[in-house]
Every structure is written in structure tokens, then in C-alpha cells.
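When the letters of the sequence shown are read in order and numbered with the numbering used here, they come out as residues 35 to 230.
Beta carbons: idealized from backbone N, C-alpha and C, even for Gly.
Since we're looking at a predicted model, the values are computed, not measured.
Below is one structure, written out as C-alpha cells; comments come after it.
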Amino acid sequence: FARYERGEDEVWMTQAPWRDADLLADGSASGEAKVKRTADVLRMLARMGWRADDDRVARGMRWLENHAQRDLGRDGVETLAALGRCVAELCGADSPLRQQVERHLRGRQLEDGSFGGIVATALALDALVALEAKPCVQAIRAARRLVAAIEGGDPGELPGATVAGHGLSPTAYDPSAGVREAAIALRAFADSGGVL
Numbered sequence: 035f036a037r038y039e040r041g042e043d044e045v046w047m048t049q050a051p052w053r054d055a056d057l058l059a060d061g062s063a064s065g066e067a068k069v070k071r072t073a074d075v076l077r078m079l080a081r082m083g084w085r086a087d088d089d090r091v092a093r094g095m096r097w098l099e100n101h102a103q104r105d106l107g108r109d110g111v112e113t114l115a116a117l118g119r120c121v122a123e124l125c126g127a128d129s130p131l132r133q134q135v136e137r138h139l140r141g142r143q144l145e146d147g148s149f150g151g152i153v154a155t156a157l158a159l160d161a162l163v164a165l166e167a168k169p170c171v172q173a174i175r176a177a178r179r180l181v182a183a184i185e186g187g188d189p190g191e192l193p194g195a196t197v198a199g200h201g202l203s204p205t206a207y208d209p210s211a212g213v214r215e216a217a218i219a220l221r222a223f224a225d226s227g228g229v230l
């Protein structure tokens, strides 16, 4: 690495036929993938002890607020869930951003208690649990739907998910997403005192 810094050697990527470093580093620098990634990073920073008044965290939250004012109604359940988990960590209960995200997320629940597929339902349940002190009726309905999906078949056969890719691949398939996200969401539901 020191040779690169001193200019004695070239970075190997500059020798490739493509030169677009942004494409190589992250092929999805906009849209819902960027919103989800930003929300997840801010949530992790908050968990590591970064406060909301830190200038970098505050700048990220302002960016999310601008996104919410423009495009929140067009976001998918997975993006709303990521935003919900983020604002649960960084915003108080009276925050307009938190209330707006929560309202949009709750509005996406279907009649059967799900939020779409297994992964979307699990992510939404995790966000609802993070947003409330005790599980609400909608969280209980989502948890029941996940349990019914698990009991209705082989838990190892829960579907995966297509997620935003990085680098040269715009998307990637995550075969363990259904099992993993359902386990995380149901564990959080149980830990918060949720009962089916």
C-alpha cells in the first residue's frame, strides 16, 4: 500500500479495461438501494455510540429527511423498514420524520397481516418492534403471518431475496434472506414481550 501512496506502483484497477471507479465500487449509487444503505449505516453508527448531533450523522439524517419529503410514498416495504429501524435509533417519538415513516410503513400491511413476501414481512415486523415500546396489533399480525409461513412448510425452504448488488453486479440473490430475517424479526418480537 505504501508503494501506491508514494507513486511507485499503479493500483491494479487502473490497468483494467474499464475506468469507472464508481461502477467498480458501488453500482447502485442512487434510488432505494442508497436510501436503505444510508439508513442501515446511520443505525449502526447509532448503535456504536455515535449521537444524532454529530455533524456526519446529522448530515445523513438531513439527507433521509429530504428523501422522505420527496419520495417516501414510492419506497418499497424493505426501504421503509430500513428507515423505520434507523429513525427508531436516532429520533424521538415526537419526531415528524419518525411519525411519517411509521405511518407509511403501517399503511403497507395487507389484509392477511403480511407486508408482501416473507422477507418484506420480517423486515417490517423488525421495524415495527423497534418503533414501539410494546408490540402493536400490526406487529402481532405480522408475527402470526411469519409463524404460519414457517409452520406451513419446511423453514429451510423460506424464499430468499434479490438484493441490491455492489460493483459490477446490479443485483444479487440472497438464498438465506427468508430464514435469517424471519428469525431476527421473531426474536426481536419475543424479546420485546410479544405474544401470538
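Given that a residue counts as buried once 16 or more other Cβ atoms are within 10 Å of its Cβ, and exposed if not, what is residue i?
i: Arg-132; result: buried
i: Glu-215; result: buried
i: Val-121; result: buried
i: Leu-220; result: buried
i: Leu-98; result: buried
i: Gly-187; result: exposed
i: Gly-126; result: exposed
i: Leu-230; result: exposed
i: Val-213; result: buried
Just reading off the alpha helix (DSSP H) that residue i is part of, what are its end residues?
i: Ala-67; result: 66-81
i: Ala-182; result: 171-185
i: Gln-143; result: Unbroken run through Gln-143: none, as it is neither H nor E.
i: Val-121; result: 111-124
i: Gly-212; result: 211-225
i: Ala-127; result: First-last for Ala-127: undefined, no H or E at that position.
From residue i to residue j, what distance separates their C-alpha atoms?
i: Pro-204; j: Thr-196; result: 10 Å
i: Leu-180; j: Thr-155; result: 7 Å
i: Ala-92; j: Glu-185; result: 43 Å
i: Ile-152; j: Ala-80; result: 27 Å
i: Arg-178; j: Ala-206; result: 29 Å
i: Asp-208; j: Arg-108; result: 24 Å
i: Phe-223; j: Asp-88; result: 30 Å
i: Gly-147; j: Gly-65; result: 27 Å
i: Gly-150; j: Glu-136; result: 17 Å
i: His-138; j: Cys-170; result: 15 Å
Do residue j and residue i count as a contact pair if the criterion is CB distance below 8 Å?
i: Ser-226; j: Lys-168; result: yes
i: Leu-162; j: Gln-134; result: no
i: Arg-140; j: Gln-103; result: no
i: Leu-159; j: Ala-176; result: yes
i: Ile-174; j: Gly-110; result: no
i: Val-75; j: His-101; result: no
i: Arg-119; j: Arg-77; result: yes
i: Glu-112; j: Leu-144; result: no
i: Ala-116; j: Ala-67; result: no
i: Ala-217; j: Gly-194; result: no
i: Leu-114; j: Arg-142; result: yes
i: Leu-192; j: Ala-198; result: no
i: Met-95; j: Leu-124; result: yes
What are the boundary residues of the beta strand (DSSP E) that residue i is part of?
i: Val-197; result: 195-198
i: Asp-208; result: 205-208
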